[in-house]
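Accompanying notes for the structure given below.
Residue numbers (UniProt numbering): 1 to 142.
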């Protein structure tokens, strides 16, 4: 993550998406679906729910960029409805990526010490990572 942020001199997910040649399209999606990573004519594209506020967009783009960096070969969607645990490996990895990227930003108000404690582990607990993502979504009034 540090290399990515250093290489592009930004932790802003919108700027990183542009640098990584990922389109972002704002489209009407079902309320439960926040974002989807797809390939359109060989171009990686994040379909973002057009009803999300700016802070929610940042969180979802960070998650989808996790798929871009680690799971580029498939499409995934990010949904949120209450706090529940998704055991899918790719979703857990994308959540972890998102939290690492969001941790570089001072915009998000959350217990940074707790985030660092969770991320410092060699294999962070996927449930704890998911809990942080959900807490961020709730803090940002989404």
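Each residue gets a CB set at the ideal place from its N, CA and C atoms; glycine is no exception. Since this is a predicted model, take the numbers as computed values, not measurements.
Here's the rule I'm using: 16 or more other beta-carbon atoms within 10 Å means buried, otherwise exposed. How should residue 34 be labelled?
Residue 34 comes out buried.
Could you check where the alpha helix (DSSP H) with residue 112 kicks off and where it finishes?
Counting along the chain, the unbroken alpha helix (DSSP H) around residue 112 starts and ends at 112-120.
Look at the alpha carbon of residue 83 and the alpha carbon of residue 56, and state the distance between them as a whole number of angstroms.
Only weak support is given to the placement of residue 83: the predicted model assigns it a pLDDT of 36, under 50, and the question is left unresolved by the model.
Once DSSP output is grouped into helix, strand and coil, what is the label at residue 27?
In this structure, residue 27 counts as strand in the three-state DSSP scheme.
Inter-stretch contact at 8 Å, needing at least 3 Cβ pairs: the stretch 125-135 / the stretch 27-44
No, they do not touch.
Is it true that the CB of residue 88 sits closer than 8 Å to the CB of residue 66?
No, these two residues do not count as a Cβ contact at 8 Å.
Please go through the same chain and pick out, in chain order, the residues whose beta-carbon is closer than 8 Å to the beta-carbon of residue 98, but skip the five residues on each side of it.
Answer for residue 98: 59, 62, 63, 65, 66 and 133, listed in chain order.
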